[in-house]
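Trainee:
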Amino acid sequence: DQQVKQNSPSLSVQEGRISILNCDYTNSMFDYFLWYKKYPAEGPTFLISISSIKDKNEDGRFTVFLNKSAKHLSLHIVPSQPGDSAVYFCAASAYFGNQFYFGTGTSLTVIP
Amino acid sequence: DGGITQSPKYLFRKEGQNVTLSCEQNLNHDAMYWYRQDPGQGLRLIYYSQIVNDFQKGDIAEGYSVSREKKESFPLTVTSAQKNPTAFYLCASSIGRAENTEAFFGQGTRLTVV
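Those sequence lines, one after another, are chains A and B.
Count along the first sequence starting at 1, add 355, and that's the number in my numbering.
Count along the second sequence starting at 1, add 41, and that's the number in my numbering.
#1: Measure the beta-carbon distance from A/Tyr-443 to A/Leu-430 and round it to whole angstroms, keeping in mind my assumption that it falls under 8 Å.
#2: Which residue's Cα is closest to the Cα of B/Thr-153: B/Gly-57, B/Ser-106 and B/Gly-137?
#3: Give the DSSP-derived three-state secondary structure of A/Asp-379 in the structure shown.
#4: With 16 as the cutoff for other CB atoms within 10 Å, does B/Met-73 come out buried or exposed?
#5: Specify the secondary structure class of B/Gly-95 as computed by DSSP and reduced to three states.
#6: In angstroms with no decimal places, state the Cα-to-Cα distance between B/Phe-115 and B/Arg-109.
#7: Given B/Ser-106, which residues of its chain have a CB within under 6 Å of its CB, disregarding the five upstream and five downstream residues?
#8: Going along chain B, which residues have a C-beta under 7 Å from A/Tyr-387?
#9: If you follow the beta strand (DSSP E) that A/Val-419 is in, where does it begin and where does it stop?
#10: Which residues of chain C have a Cβ atom closer than 7 Å to the Cβ of B/Gly-43, listed in chain order?
#11: Going straight from the alpha carbon of A/Gly-398 to that of B/Ile-45, what length do you get?
#12: Sort out for me which residues DSSP pairs B/Ser-114 with in a bridge.
#13: Rounded to whole angstroms, what's the CA-CA distance from A/Lys-426 to A/Lys-393? Just pull it up for me.
#14: Less than 8 Å between the beta carbons of A/Ser-440 and A/Thr-464, yes or no?
#15: Tell me which residues of the stretch 421-440 of chain A have at least one Cβ-Cβ distance to chain B shorter than 8 Å, keeping chain order.
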């Protein structure tokens with residue numbers, strides 16, 4: 356049972372435009388959310404996170420938005436760059452939780 | 042230079058053989074994790090360990106075994122009982138419980154069973 360879902364397997368965006376990656380979750384106990392970026396044959400690298408007490412967190416070109424009532428979060432990348440082309444994973448954890456739950460990933464392609 | 046080291050990067054084994062994947066971290070993290078990545082299935086948790094000499098099964102533990110004899114090391118053995126062992130394996134660690142913190146990943150091991 357997938358508790359974290361990324362329903363878009365792929366996304367293509369023109370360089371300079373905004374990329375919006377979406378993530379939904381089902382477990383209301385989740386209170387910490389993370390985004391990871393992954394290149395082929397490499398391990399994921401942490402990008403940005405958000406606690407459930409916030410609805411927005413920004414770090415440079417990356418902003419994560421959290422809508423708790425809808426159990427939905429999104430990652431905005433502005434402006435998108437060709438180097439952003441990678442697979443992005445959404446992840447979640449719960450208070451007192453012992454594991455991270457990952458989505459299936461969205462492959463982003465930024466077209467020069 | 043702190044981090045997580047997985048070795049080897051590529052591994053080939055014959056069907057029916059057990060194989061052990063190495064994972065070492067020098068981040069002084071208490072928790073360590075093993076994930077498996079298959080195309081279109083994201084990262085699935087195999088085993089995790091919160092402290093030395095203790096570990097718990099994840100969602101897909103069948104056919105795998107682990108040990109945690111040292112804080113720095115969390116090796117994964119893929120046994121002959123694992124029906125479909127060919128995959129990309131990722132080791133991760135976090136400072137403690139998976140709450141309000143991030144997991145750091147190694148570079149992965151690509152296991153191919155022929």
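All C-beta atoms in this analysis are idealised placements derived from N, C-alpha and C, irrespective of residue type, glycine included.
A quick note: this is a predicted structure, and the numbers were derived from the prediction, not measured.
Mentor: Short version:
#1: 7 Å
#2: B/Gly-57
#3: strand
#4: buried
#5: Per the sequence shown, residue 95 of chain B should be read as Asp rather than Gly. In the structure shown, B/Asp-95 sits in a strand (DSSP, three-state: E or B).
#6: 5 Å
#7: Thr-118
#8: Glu-140 and Asn-141
#9: 417-422
#10: In summary, chain C is missing from the structure at hand, where the protein chains are A and B.
#11: 10 Å
#12: B/Glu-65 and B/Lys-111
#13: 24 Å
#14: yes
#15: none
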